[in-house]
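In my numbering, the protein residues as written are 496 to 954.
One structure is given here, and the rest of the page talks about it.
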């Protein structure tokens, strides 16, 4: 595996790389496959991201202090693009430095040197119907819909992957049906000491956790809108490290993409039924009935910088009574949060569970290489008896109220060498409301401040 190791002299190494390629900044980005003079049917790519994160006044229960991390993510991808059969493999190395025994570290931050993808792809034209078929067998990553329930993580340092079969049919009118049968990959190791040491252990999967899904997307309808409908099934055994989830999630989504000079909109609703356990290690199965609602709209001006202003409301059910033998907390499965609910990494304050949260967001691109975003979000609990899940803070009596607080986030992205090097920096503040101030196990500290700066190099 090709990797750039950022130890004490690591930042100087990055600067040398940028200096070496600054003269190559051109209309066509520099690519590793070009330098290796590969044939048209072969490709190889390397990406490395270095991010420094700082978290002050941690909001998580049991972690009252501050935290910091230097997160590194290196991806080496190679593929054979022959038709109708092709191959793809990707190795991912996700590490952290500067964290200590007081850090809330887990497998979303560290997964040192493992096989993220390795699959065979077969493409075919019309078989029993029109359109095109594509079948992939092996280990892969995937995005479904708007990535709320299944996603290839972008901001997070590690990435979800799955082993199994993935079939996609696309019609001549651009409608599609995607069906998957997967064993989710379990990232190893899982204990904090091993993660702090960036220990290398092969990831695994087993029939003890199975994931199935069918996702359908319509062709373009009136107003250039589309409709998606889906069913997702997650089934787990009684392994004490799991919550014995046996969940059926059905839903639909109506959306219109953002374009200059027009309104965009989106609405999604999901219903989740089945059984689950409230925590790992327990032996009692609870009836599970939960829901997710999302709605939003925005307008993008056909003007310099294509500014956009949008509003949205995110809602997810919470458990109404911890003692009634039922679980009403929504489970977001394998979804991503950063694109919608704010930065994750060391921060990740908001999750799609027990949530009522309106947001207003503005963005603009002053130049072709610069993008800025500002968002303001208010946070309430859907049920005051359930936890603010990302923090682990709960008042089962409901006496601490439901107002969690307000999140303000600003972000700047600069494509220093378009297609080869991007710099991003930002800050997020969680102004704590009455719930985070008064709940019995809330941290007795001030408002949370999170800041990051990252550089991504792509070849």
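Every residue, glycine too, gets a C-beta built ideally from N, C-alpha and C.
- Cβ contact annotation for residue 761 (same chain, cutoff 6 Å, sequence separation greater than five): 750, 791, in chain order.
- For residue 872, the secondary structure class from DSSP, reduced to helix, strand or coil, is strand.
- For residue 530, the secondary structure class from DSSP, reduced to helix, strand or coil, is helix.
- The Cβ atoms of residue 936 and residue 888 sit closer than 8 Å to each other.
- Short of 7 Å from the beta carbon of residue 877, and not among the five residues preceding or following it, lie these beta carbons of its own chain, in chain order: 810, 811, 812, 813, 849, 850, 851.
- Looking at the DSSP output, residue 852 bridges to 809.
- Between the alpha carbons of residue 541 and residue 587 lies a distance of about 10 Å.
- Judged by DSSP secondary structure, residue 570 falls within the beta strand (DSSP E) whose first and last residues are 562 to 575.
- Between residue 629 and residue 565, the alpha-carbon positions lie close to 39 Å from each other.
- The Cβ-Cβ distance between residue 661 and residue 637 falls below 8 Å.
- With a beta-carbon spacing of about 4 Å, residue 831 and residue 646 fall inside the 8 Å limit used to define contacts.
- For residue 632 and residue 670, the gap between their C-alpha atoms comes out near 22 Å.
- Its Cα nearest to that of residue 743, the residue 729 stands out among 729, 736, 756.
- The beta carbons of residue 640 and residue 723 sit closer together than 8 Å.
- Under DSSP, residue 906 shares a beta bridge with 868, 921.
- Apart from sequence neighbours up to five positions away, the residues of its chain that approach residue 704 with a beta-carbon distance below 7 Å are 678, 679, 731, 737, ordered along the chain.
- Excluding five sequence positions before and after residue 773, the CB atoms of its chain that fall closer than 7 Å to its own CB belong to 781, 822, given in chain order.
- In the three-state reduction of the DSSP assignment, residue 825 falls in the coil class.
- Residue 855 places its beta carbon 8 Å or farther from that of residue 874.
- In the DSSP annotation of this structure, residue 772 is not part of any alpha helix (DSSP H), being labelled neither H nor E.
- Bridge partners of residue 949 according to DSSP: 546, 919.
- DSSP places residue 642 in the coil class of the three-state scheme, outside both helix and strand.
- Between residue 756 and residue 797, the C-beta spacing is below 8 Å.
- One alpha carbon belongs to residue 531, the other to residue 571, and they sit about 14 Å apart.
- As the crow flies, the alpha-carbon of residue 578 is around 17 Å from that of residue 664.
- Judged by DSSP in its simplified three-state form, residue 785 adopts strand.
- In the structure shown, residue 635 adopts extended strand secondary structure according to DSSP, grouped into three states.
- The residues 565, 948, in chain order, have a CB closer than 6 Å to that of residue 547 in the same chain once the five nearest residues on each side in sequence are set aside.
- Per DSSP, reduced to three states, the secondary structure at residue 780 is coil, with no helix or strand assignment.
- Going by C-alpha positions, residue 776 is about 48 Å away from residue 526.
- In this structure, DSSP gives residue 933 a helical state, which the three-state scheme calls helix.
- Looking at the DSSP output, residue 627 sits in a beta bridge with 665.
- Residue 817 places its beta carbon less than 8 Å from that of residue 891.
- Counting every other CB atom within 10 Å of its CB across the protein chains shown gives residue 927 a total of 16 or more, marking it as buried.
- Taking C-beta separations shorter than 8 Å and ignoring five residues to either side along the sequence, the partners of residue 901 in its chain run 871, 872, 873, 874, 925, 926, 928, following chain order.
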